[in-house]
Amino acid sequence: TTGSASTTPESDDVEYLTSVSIGTPPQVLNMNFDTGSSDLWVFSTELPADEVNGQTLYDPSKSSTAQKLQGETWSITYGDGSTCGGDVYTDQVTVGSLTVKTQAVECADHVSKEFTEDTQNSGLFGLGFDNINTVMPDRQNTFFTNAKSGLDQPLFTADLKAGAPGTYSFGFIDKNAYVGKITYLPVDTSQGFWEFTSPGYLIASGKVQRVALQGIADTGTTLLLLPDQVVSDYYSSVSGAQYESSQAGYTFPCSQSSSLPDFTFVLNSSSAITVPGKYMTYAPTDSSGQTCFGSMQRNTGVGFSIFGDIAIKSAFVVFDGGNTRIGWAAK
Ligand SMILES: O=C([C@@H]1CCCNC1)N1CCCCC1
Numbered sequence: 146t147t148g149s150a151s152t153t154p155e156s157d158d159v160e161y162l163t164s165v166s167i168g169t170p171p172q173v174l175n176m177n178f179d180t181g182s183s184d185l186w187v188f189s190t191e192l193p194a195d196e197v198n199g200q201t202l203y204d205p206s207k208s209s210t211a212q213k214l215q216g217e218t219w220s221i222t223y224g225d226g227s228t229c230g231g232d233v234y235t236d237q238v239t240v241g242s243l244t245v246k247t248q249a250v251e252c253a254d255h256v257s258k259e260f261t262e263d264t265q266n267s268g269l270f271g272l273g274f275d276n277i278n279t280v281m282p283d284r285q286n287t288f289f290t291n292a293k294s295g296l297d298q299p300l301f302t303a304d305l306k307a308g309a310p311g312t313y314s315f316g317f318i319d320k321n322a323y324v325g326k327i328t329y330l331p332v333d334t335s336q337g338f339w340e341f342t343s344p345g346y347l348i349a350s351g352k353v354q355r356v357a358l359q360g361i362a363d364t365g366t367t368l369l370l371l372p373d374q375v376v377s378d379y380y381s382s383v384s385g386a387q388y389e390s391s392q393a394g395y396t397f398p399c400s401q402s403s404s405l406p407d408f409t410f411v412l413n414s415s416s417a418i419t420v421p422g423k424y425m426t427y428a429p430t431d432s433s434g435q436t437c438f439g440s441m442q443r444n445t446g447v448g449f450s451i452f453g454d455i456a457i458k459s460a461f462v463v464f465d466g467g468n469t470r471i472g473w474a475a476k
């Protein structure tokens, strides 16, 4: 089997939403596919009304294929401090033409304000490793784990685009979606993430800095979060760039946007991925449009780097669960 679905960016490419069908008859929710976590959770009819603002609610009582997982609950806190939790059903879940008949669907009965305010996002679709699924007392599998044995190839791919719809595909690699070769790096799954190490980086056409960047490929993180040393090196070449504590990040005059340098992360001795300078301006910090927030920021407090959508939309990425490796290609 295989399947693929279009994924559409919200404004500023802050997140990408993908249509998912759950239950019988199908209830269609737009969800945030997140390779940085491993719970499939949805806004549900169990939420208090004041925690819902525009999202689509999954109602298990209206699905003839929903089964409550008695005694099972979930609770998650994300890196930005947002939280949610609730109880668990199994139901049929379909992405494109790919169906998992018995998928754990974690129903939120509480969500923090970050989720309430994210009005188009009706849940997270975890694509990390099962060891960080939060369901207690019995941990549940991701959609990818459940689908994997039936897939033509035990992998999924992310082809995110800047300001345009892209594609998540399961079970196959679309040769028309990338150019050149796919370069694979080994993945360490011990923390539950698609964790790999880039051996170095370069700014613009400068010399390669042989600094190991241990990080995760996280489709659910917007920006590119790297070690302080790398980030200050990058912005040292941008006129007027500074770390603005009130903004909790590096900013620069928006007038500099067209001169932000490319950022390249190395994969091996003969391969690298370049984030074009045009992606390195994230957004203005206020409506005046004077000051802009950078797409590269410090990874302070995380313990590793996060190659979020800024990096992922600069490439075609293969999440190869069968071989526990990640593949990167230009496009
Ligand atoms: O909570 C997260 C991210 C948040 C954004 C969405 N993906 C998961 N983590 C990944 C980085 C380390 C801490 C946990």
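Numbered according to our numbering, the sequence shown spans residues 146 to 476. All residues carry an ideal CB built from backbone N, CA and C; glycine is no exception. Since we're looking at a predicted model, the values are computed, not measured.
Residue 297 and residue 409 have their alpha carbons spaced roughly 33 Å apart.
Scanning its chain for C-beta atoms nearer than 7 Å, with the 5 sequence neighbours on each side dropped, one finds around residue 345 the residues 353, 354, 355, 356 and 411, in chain order. According to DSSP, residue pairing for residue 341 in a beta bridge involves 360. Taking the CA atoms as reference points, residue 377 sits about 19 Å from residue 428. Less than 8 Å divides the Cβ of residue 187 from the Cβ of residue 203. Proximity of the region 287–301 to the region 316–324 meets the contact definition, three or more beta-carbon pairs being nearer than 8 Å.
Using a 10 angstroms sphere on the CB of residue 351, the tally of other CB atoms stays under 16, which defines it as exposed.
Closest by C-alpha distance to residue 390, out of 430, 164, 425 and 175, is 430.
Ranking 284, 246 and 363 by CA distance to the CA of residue 273 puts 363 first. Set against 7 Å, the gap from the CB of residue 224 to the closest heavy atom of ligand 1 is smaller. Rounded to the nearest angstrom, the Cβ distance from residue 180 to residue 464 is 6 Å, consistent with a contact under 8 Å. Selection 384, 461 and 460 evaluated against residue 439 yields 384 as nearest (Cα-Cα). Rounded to the nearest whole angstrom, the CA to CA distance from residue 304 to residue 462 is 7 Å.
Here residue 159 is not near residue 312, since their CB atoms are 8 Å or more apart.
Proximity of the region 162–169 to the region 319–330 falls short of the contact definition, fewer than three beta-carbon pairs being nearer than 8 Å.
Uninterrupted alpha helix (DSSP H) stretches at least 4 residues long and entirely within the region 194–269 occur at 258–261, given in chain order.
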